[in-house]
Amino acid sequence: MLQKGKKAIKKLEESERKYRTTFEHTGTAMTIIEGDTTLSLVNSEFEKLSGYKKEEVVGRSWTQFVHPDDLEWMKKYHFARRKRLAAGTRGRCCVPGWVLKRYSR
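Each residue of the sequence shown is one higher than the one before, starting from 1 at the first, in my numbering.
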């Protein structure tokens, strides 16, 4: 039984390593955002695109980095998308007429 547990842990660690490697080296800016809008992980492409270092954004809400004119609709989009994911529906979640104005730095 102990041997099975060790194998399971090793498989989990390997899976985590592969996931992090893929996340970091995908060539696309990526983030992991929690349900409460907290950024829990960003990759180096995100740093290049945004101009922020990981240490500056991880643990903070993405809402702190959005221009005030865009904040309300982006929050609606965020929560609508999370609701769709939780319901198991797939596909794009967008609202016609929503146009991103700008990000602030």
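C-beta: ideal position from N, C-alpha, C; glycine also.
Residue i to residue j span [Cα, whole Å]
i: LYS54; j: ILE32; result: 12 Å
i: ARG105; j: ARG17; result: Reliability fails at ARG105, whose pLDDT of 48 lies under 50, so the model's placement of it is uncertain and no value is given.
i: ILE9; j: ALA80; result: 35 Å
i: LYS83; j: LYS76; result: 11 Å
i: GLU167; j: GLY5; result: Only positions 1 to 105 of the chain appear in this structure, which leaves residue 167 out of reach.
i: GLU56; j: THR21; result: 21 Å
i: GLN3; j: TYR19; result: 24 Å
i: LEU85; j: LYS7; result: 32 Å
i: PHE65; j: LYS11; result: 37 Å
Residue nearest to residue i in terms of C-alpha spacing, selected from the options
i: MET74; options: GLY27, THR63, ARG84; result: THR63
i: MET30; options: ALA80, GLU13, ARG17, VAL58; result: VAL58
i: HIS78; options: GLU56, THR38, ARG20; result: THR38
C-beta contact flag for residue i and residue j at 9 Å
i: ASP36; j: SER61; result: yes
Cβ separation of residue i and residue j, assumed to be a contact under 8 Å, to the nearest whole Å
i: ASN43; j: GLU72; result: Not really, about 27 Å apart at Cβ, beyond 8 Å.
i: SER40; j: GLU47; result: Not confirmed; about 15 Å, so no contact.
Nonlocal neighbours in the same chain, by C-beta distance under 8 Å from residue i, ignoring five residues either side
i: THR26; result: ASN43, GLU45
i: LEU49; result: ALA29
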